[in-house]
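S.K.: Residue numbers (my numbering), protein chains in the order written: chain Y, 4 to 282; chain Z, 185 to 470.
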């Protein structure tokens, strides 16, 4: 969720060293962000590294991690393709209702994940508007994997659209028109001209999507039905372990997710620098 | 939250490609947004209101729902207030002070966006829970953190920390130092300079960040559900109440509560979007 450009830029300092405002902010950030991180590491390793490893390599934990990865990758893939198409249409096409479609894109950011889950039950559940769909396809959607995938796609939908749109609009259409004039087909123009120009923005959007999808909890909790080992993601595993007072397992898995998110964040920072250079 | 729609509008569009390709793309985009977003929202609004406004009103004003709503609004307000002050200060420090670890601080502020909110909740339980050192110290002072209201506010503070910082920082960065220096030279104290020169310039950005913080806070679930203890009437927040209602198959009440929470955050996001458009059109006319 990029609110604004986070580049630090060239600062004009009015103070150097650890002045009072700096100390206040550092203390606040340390208490709010760093202390909890240290606490979870301590919590996970308090009964030894081998115990932690045992917890995260238990069959349930491994299955949950695999499912989380599967969902995050599928949701990122779907949102990458469909988000790219949507960004393209919103930037390059002019038609009635475009402003409305554009406004729709931001809604998942304003909707509580629990409510997102409820919406999917209302659509695909037993009395849902689209209840014919699971019957026609012969699959279960709610309380099964397809529902969890839809929930993950929903909560992470805005990222690719919102990252690609400004890059695409900044790119303009001159090069595409030149390629077109030289006889390139639409698909060739897209592959050889447009895609290389927007790839960093696109990758940035995808990594934000992936990070969000990896940690999704509320929406997936509501639509999963919570069958351990079948529809349990990493976050659901943590939630169940907390409920069962199996704190070692909960803390270990929480640490794994924190580390993976941290890694994704670093990747995002690197991509952002590339995107910044390209713009 | 939304990017520069107004700026996009000014660009000349060019529609390369054959008509069927164009319609295919447009149809795909429409189907994606309508099926994934518009239809689900319509379904929850319908489910919340289909039994009439009277039932809707009854569902959102029964004592447990009302207490949950009040708790959500109060904790979100407290969080917004604290993070508006601390976020502004953090942005100011990042832009105007040079100190070792400035880059690290800048990166740390993004962490709450990357870490799953459930993990945030678990972290706070480890740090302030009954078995922890900090938790037992606070308990000895008679202060309950986890499974009480302070825990909810702490979770919200952490989850929403980046909003105000990231909203104010670029505005501060773009401000020229001239006016501040002039005020100093004319003998104003640094406090007067802040209030009279700097604050008016960054106030709109603080408000935008605060609105986003509030909107995010009233929807928060993952971190609160493990931290608050979820005691109806005392530490049960709106979204957790919605979850309880779904679990007990009370779809109508869950939808009614959802519609109310959704309306509040939609309204806030609309205000943010409107303010951004207004600012962009003003900048464009300058």
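A virtual CB, placed ideally from N, CA and C, is assigned to each residue, including glycine.
For clarity, every value in this text was computed on a predicted model and none was experimentally measured.
Hey, which unbroken runs of the alpha helix (DSSP H) at 4 residues or more fall wholly within the segment 284-365 of chain Z?
M.R.: 286-292, 295-298, 301-312, 317-324, 333-358
S.K.: Can you look up residue 8 of chain Y in the DSSP assignment and give me helix, strand or coil?
M.R.: As a first step, residue 8 of chain Y is located in the first chain; it is residue number 5 there, counting from the start. Only weak support is given to the placement of residue 8 of chain Y: the predicted model assigns it a pLDDT of 38, under 50, and the value that follows is read from those uncertain coordinates. Here residue 8 of chain Y sits in coil by DSSP.
S.K.: Strictly below 7 Å CB to CB, what residues from chain B border residue 22 of chain Y?
M.R.: Reference to chain B is not applicable here, since the protein chains of this structure are Y and Z.
S.K.: Residue 383 of chain Z and residue 264 of chain Z - do their beta-carbons sit closer together than 7 Å?
M.R.: Taking the second chain and counting its residues from 1, the one referred to as residue 264 of chain Z is at position 80. Taking the second chain and counting its residues from 1, the one referred to as residue 383 of chain Z is at position 199. In terms of Cβ geometry, residue 264 of chain Z and residue 383 of chain Z do not form a close pair [threshold 7 Å].
S.K.: May I ask you to report which of helix, strand or coil DSSP gives residue 282 of chain Z?
M.R.: Along the second chain, one-based indexing puts residue 282 of chain Z at 98. Residue 282 of chain Z: strand per DSSP, three-state reduction.
S.K.: With residue 82 of chain Y as the anchor, note down where its alpha helix (DSSP H) starts and where it stops.
M.R.: Along the first chain, one-based indexing puts residue 82 of chain Y at 79. Unbroken alpha helix (DSSP H) run through residue 82 of chain Y: 62-95.
S.K.: Among Y/247, Y/219, Y/250, Y/252, which residue has its Cα nearest to the Cα of residue 236 of chain Y?
M.R.: Translated into positions along the first chain, residue 236 of chain Y becomes position 233. Closest option to residue 236 of chain Y, Cα to Cα, is Y/219.
S.K.: Are there 16 or more other CB atoms within 10 angstroms of the CB of residue 282 of chain Y, so buried, or fewer, so exposed?
M.R.: If you number the first chain from 1, residue 282 of chain Y lands on position 279. Its pLDDT being 42, under 50, residue 282 of chain Y is placed unreliably by the model, and nothing is read from it.
S.K.: Kindly indicate which residue of Y/195, Y/75, Y/56, Y/22 has the alpha-carbon position closest to the one of residue 214 of chain Y.
M.R.: Counted from its first residue, the first chain places residue 214 of chain Y at position 211. Nearest option by C-alpha distance: Y/75.
S.K.: For the segment 138-157 of chain Y, enumerate the residues whose C-beta is nearer than 8 Å to any C-beta of chain Z, in chain order.
M.R.: 153, 156, 157
S.K.: Report the rounded CA-to-CA distance for residue 33 of chain Y versus residue 400 of chain Z, giving the unit in angstroms.
M.R.: As a position in the first chain, residue 33 of chain Y is number 30, starting the count at 1. As a position in the second chain, residue 400 of chain Z is number 216, starting the count at 1. For residue 33 of chain Y and residue 400 of chain Z, the distance between alpha carbons rounds to 22 Å.
S.K.: Check whether the Cβ of residue 241 of chain Y lies closer than 7 Å to any Cβ atom in chain Z.
M.R.: Taking the first chain and counting its residues from 1, one reaches residue 241 of chain Y at position 238. With 7 Å as the cut-off, residue 241 of chain Y counts as an interface residue toward chain Z.
S.K.: Considering residue 433 of chain Z, what are the terminal residues of the alpha helix (DSSP H) in which it resides?
M.R.: The residue labelled residue 433 of chain Z in the question sits at position 249 within the second chain. Residue 433 of chain Z -> no alpha helix (DSSP H), and no H or E assigned at all.
S.K.: Distance, Cα to Cα, residue 211 of chain Z vs residue 220 of chain Z?
M.R.: Position 27 of the second chain, counting from 1, holds the residue named residue 211 of chain Z. Position 36 of the second chain, counting from 1, holds the residue named residue 220 of chain Z. So the two alpha carbons sit approximately 14 Å from each other.
S.K.: To be precise: take each residue of the segment 297-318 of chain Z, compare its Cβ to all Cβ atoms of chain Y, and keep it if any distance is under 8 Å. Which residues remain?
M.R.: 297, 298, 299, 300, 301, 302, 303, 304, 306, 307, 308, 309, 310, 311, 316
S.K.: So the candidates are Y/71, Y/69, Y/108; which of them puts its Cα closest to the Cα of residue 217 of chain Z?
M.R.: Residue mapping note: residue 217 of chain Z aligns to position 33 of the second chain, counting from 1. Ranked by Cα distance from residue 217 of chain Z, the first of Y/71, Y/69, Y/108 is Y/108.
S.K.: Label residue 276 of chain Y either buried or exposed according to how many other C-beta atoms from any shown protein chain fall within 10 Å of its C-beta, with 16 as the threshold for buried.
M.R.: Position 273 of the first chain, counted from the first residue, corresponds to residue 276 of chain Y. Counting Cβ neighbours within 10 Å, residue 276 of chain Y comes out exposed, since fewer than 16 surround it.
S.K.: Measuring only between beta-carbons, confirm whether residue 245 of chain Y sits less than 7 Å from chain Z.
M.R.: Locating residue 245 of chain Y in the first chain gives position 242, where the first residue counts as 1. Using a Cβ-Cβ cut-off of 7 Å, residue 245 of chain Y counts as an interface residue toward chain Z, since at least one Cβ of chain Z sits closer than that to its own.
S.K.: With DSSP collapsed to three states, give me the class of residue 143 of chain Y.
M.R.: The sequence position of residue 143 of chain Y within the first chain is 140, counting from 1. Coil, per DSSP.
S.K.: Kindly indicate the opening and closing residues of the alpha helix (DSSP H) around residue 43 of chain Y.
M.R.: In the first chain, residue 43 of chain Y corresponds to position 40, counting from 1. Where residue 43 of chain Y is concerned, the enclosing alpha helix (DSSP H) stretches over 38-48.
S.K.: If we require 3 or more residues per run, which beta strand (DSSP E) segments fall completely within the segment 143-208 of chain Y?
M.R.: none
S.K.: Between which two residues does the alpha helix (DSSP H) carrying residue 415 of chain Z extend?
M.R.: Here residue 415 of chain Z refers to the residue found at position 231 when the second chain is read from its first residue. Neither: residue 415 of chain Z is in no alpha helix (DSSP H) and is coded neither H nor E.
S.K.: Just the Cα atoms here: how many angstroms apart are residue 212 of chain Y and residue 88 of chain Y?
M.R.: Working through the first chain from its first residue, we reach residue 212 of chain Y at position 209. Working through the first chain from its first residue, we reach residue 88 of chain Y at position 85. Rounded to whole angstroms, residue 212 of chain Y to residue 88 of chain Y spans 16 Å at the Cα level.
S.K.: What are the boundary residues of the alpha helix (DSSP H) that includes residue 58 of chain Y?
M.R.: The residue you call residue 58 of chain Y lines up with position 55 of the first chain. Note, residue 58 of chain Y: alpha helix (DSSP H), 52-59.
S.K.: Can you find the residues in the same chain that come closer than 7 Å, C-beta to C-beta, to residue 171 of chain Y, ignoring five residues on each side of it along the sequence?
M.R.: Residue numbering aside, residue 171 of chain Y sits at position 168 when the first chain is read from its first letter. Cβ neighbours of residue 171 of chain Y beyond the five flanking positions: 90, 91, 94, 201.
S.K.: For residue 231 of chain Z, which residues in chain Y fall below 7 Å Cβ to Cβ?
M.R.: Position 47 of the second chain, counted from the start, is the residue given in the question as residue 231 of chain Z. Correct list: 125.
S.K.: Just to confirm before moving on: does the CB-CB distance between residue 132 of chain Y and residue 227 of chain Z stay below 7 Å?
M.R.: Looking up residue 132 of chain Y in the first chain gives position 129. Looking up residue 227 of chain Z in the second chain gives position 43. Going by C-beta atoms, residue 132 of chain Y is nearer than 7 Å to residue 227 of chain Z.
S.K.: DSSP state of residue 129 of chain Y, grouped into three classes?
M.R.: Position 126 of the first chain, counted from the start, is the residue given in the question as residue 129 of chain Y. Coil, per DSSP.
S.K.: Whole angstroms is fine: what's the gap from residue 233 of chain Y's alpha carbon to residue 158 of chain Y's?
M.R.: By one-based count along the first chain, residue 233 of chain Y stands at place 230. By one-based count along the first chain, residue 158 of chain Y stands at place 155. Rounded to whole angstroms, residue 233 of chain Y to residue 158 of chain Y spans 22 Å at the Cα level.
S.K.: Just reading off the alpha helix (DSSP H) that residue 238 of chain Y is part of, what are its end residues?
M.R.: By 1-based counting over the first chain, the position of residue 238 of chain Y is 235. Here the alpha helix (DSSP H) through residue 238 of chain Y covers 237-246.
S.K.: Against chain Z, with Cβ distances strictly below 7 Å, would residue 122 of chain Y count as a contact?
M.R.: The residue given as residue 122 of chain Y occupies position 119 in the first chain. At least one CB atom of chain Z sits nearer than 7 Å to the CB of residue 122 of chain Y.
S.K.: Counting beta carbon pairs with one atom in the segment 266-273 of chain Y and one in the segment 326-338 of chain Z, are three or more of them shorter than 8 Å?
M.R.: No contact exists between the segment 326-338 of chain Z and the segment 266-273 of chain Y.
S.K.: Once DSSP output is grouped into helix, strand and coil, what is the label at residue 249 of chain Y?
M.R.: Translated into positions along the first chain, residue 249 of chain Y becomes position 246. Looking at residue 249 of chain Y - three-state DSSP - the assignment turns out to be coil, as it is neither helix nor strand.
S.K.: What residues in the segment 411-433 of chain Z bring their beta carbon closer than 7 Å to a beta carbon of chain Y?
M.R.: 423, 426, 427, 430
S.K.: Which word fits residue 26 of chain Y, buried or exposed, when buried means at least 16 other C-beta atoms lie within 10 angstroms of its C-beta?
M.R.: For the purposes of this step, residue 26 of chain Y is taken as residue 23 along the first chain, with counting starting at 1. It counts as exposed.
S.K.: For residue 215 of chain Y, does the three-state DSSP call read helix, strand or coil?
M.R.: Taking the first residue of the first chain as position 1, residue 215 of chain Y is located at position 212. Helix.
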